[in-house]
Amino acid sequence: MKIRGYRIEIGEIESTLRRCHGVGQAAVVVREDQPAVRQLVGYVVPDTGGTSLDVSAIRDQLAGWLPDYMVPSVVMEVGVLPLTTNGKLDAEALPKPGDVPRADMVVAENDAEQQIMDLFAEVLGIGEVSATDSFFALGGDSITAIQLVNRARSKGVALKANEVFAHPNPRDLARDAKSIDLCESNNEDIEFISVSEKHHIQSDFNKPSDILPLTPLQQGLLFHSLLGQDEERAPYVSQLVLELGGGLDIERIERAYSRLIERHEALRVRFSHRESGEPIQVVLSSDAPVFIAHDESERNDIWSQVREREGVAFDLENSPLIECHVYPIMGGGSFLVLRMHHLILDGWSMPLLLDDLLSLYSGDSRPVSSEVRLRDFYEWLARSGSENSVSTWTGVLGDTVEPTLVAPEAGPDRPHLHVSQSFDLGSALTREVERLARDLSTTVNSVLESSWGDGSRRTNRI
């Protein structure tokens, strides 16, 4: 079972719930009471003492023992766990979140708090929100935070994503929220090219659905991609290789992949340049997916083909920047290979994308699971401003006045050495890293990258 791209062990969560003070029985289910919004919900029955449970304290206990993505969005106390005639848990008979009054409910003190509580419930698809509930404890994440910001703006409330992370409950968030004029807010869309130039681009790309600037990170990726496109191994091209057992229905996986491209705007992007030379990204209204079913081959031959294509450059302006290849293995099974450019996808997106593809293959006919368009993200980024980043990096770089090589001693004639090392942090240290990330409202990856950067600085190696 996966939630938000993470594999969830229901049994482990249930056994951990039963360790909590006062809990006699426990069950955890994945609910989807709102289309495309999945959340973990825990149900607990008091032990023989019969006293009411403090579900808020139980969630706090779980947060200390489990990674954040395995902590149920809601923990509900029930009198008994309903069973089917076969003696198994009757998940359908369990109450929805919000159907049972919460003992820890804190009501809104004013209209601003109530409006944000209603927005939490609407975006997360839950029935009841307390004024002191954390958006992220209820199941929110960075994607739904952007949804919340955009939904709030559509209703005349000015929020920023960083404010949601800094003040994740309605009471604190309402203190920072400002009212905005809806007509004024609708004029804040990204409009960075003239009408005539837009018509020219629309003609070149057959009426694309959107034209957007690049983020600062994308600008750097694009520069290095164009600089190294003639190298033996093109930069920022990666592959995800999966070995699938059993029979794979080629026609069905091709249909699923086509629907995946339809669902996600980022997979239909091309990169071009304005007349001024400034880079742009163009979101196509539709695209012809690159799906290639290869002939059945021996395992070693397939690996040779996969490695051969690994560093092949993409045509950033004229071709899709993601491909799907299926290689049937002689004797049974298949390799499913997704080739992609880092300009449109990062590693954190891959579990979500893969989960979506496999759901489509299994017959999922739901619409796009996220309301966030690419434009939503870029408008949020434009509103966030870059003054703090410029100030921070100006201080870090100090008196540097010209480009500086990361490794000054590495001349053009020296070979590039790639060294990979793997080690196990161990379960105890892993839990500590996860707890630190949760306390800082950031990702485990950010904690590890920061640790690596700080360690490198201290040892003067980089």
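This note's numbering puts the first residue of the sequence shown at -19, with every later residue one more than the last.
Glycine residues also receive a C-beta, built at the ideal position from the N, C-alpha and C atoms.
All values derive from a computational prediction rather than experimental measurement.
Collapsed DSSP secondary structure at residue i in the structure displayed
i	result
P26	strand
E12	strand
P188	coil
M320	strand
M97	helix
M330	helix
I272	strand
S277	strand
A73	helix
A138	strand
E359	helix
H147	coil
V249	strand
Q285	helix
I260	strand
Q401	coil
M85	coil
V60	coil
E429	helix
R(-13)	strand
R235	helix
V109	coil
V54	strand
T423	coil
R353	coil
R254	coil
R18	strand
A293	coil
D152	helix
T124	helix
G200	helix
Through-space distance from residue j to residue i, alpha-carbon basis
i	j	result
E168	A268	Annotation note: pLDDT 43 at E168 (below 50); position unreliable, no value reported.
H253	I272	30 Å
E(-6)	I181	55 Å
D275	L318	17 Å
A236	G22	32 Å
E245	I191	12 Å
A37	G44	11 Å
V221	N425	22 Å
L338	S371	44 Å
H305	E278	16 Å
N186	L61	57 Å
V427	P259	32 Å
T64	A71	9 Å
F116	E414	15 Å
Status (buried if at least 16 other CB within 10 Å, exposed otherwise) for residue i
i	result
E57	buried
H179	exposed
P75	exposed
H1	exposed
L201	buried
E(-8)	exposed
G120	buried
D113	buried
E231	exposed
M97	buried
L20	buried
G136	exposed
R(-1)	exposed
Q199	exposed
E359	buried
L409	exposed
F203	exposed
Q401	exposed
D87	The question names Asp, but residue 87 in the sequence shown is Val. V87 should be labelled exposed.
A111	buried
T374	exposed
N130	buried
D336	buried
S183	exposed
Whole-angstrom C-beta distance between residue j and residue i, which should lie under 8 Å
i	j	result
M320	I302	4 Å
G313	E255	Incorrect: roughly 51 Å between the Cβ atoms, too far for contact.
I126	D356	6 Å
E93	P150	5 Å
G291	V217	6 Å
P77	V8	That pair is no contact at about 13 Å.
V24	V55	6 Å
Q209	A157	Incorrect: roughly 46 Å between the Cβ atoms, too far for contact.
Residue(s) in a DSSP beta bridge with residue i
i	result
H305	I272, V317
A7	Y23
V217	H321
L224	S314
K158	A138
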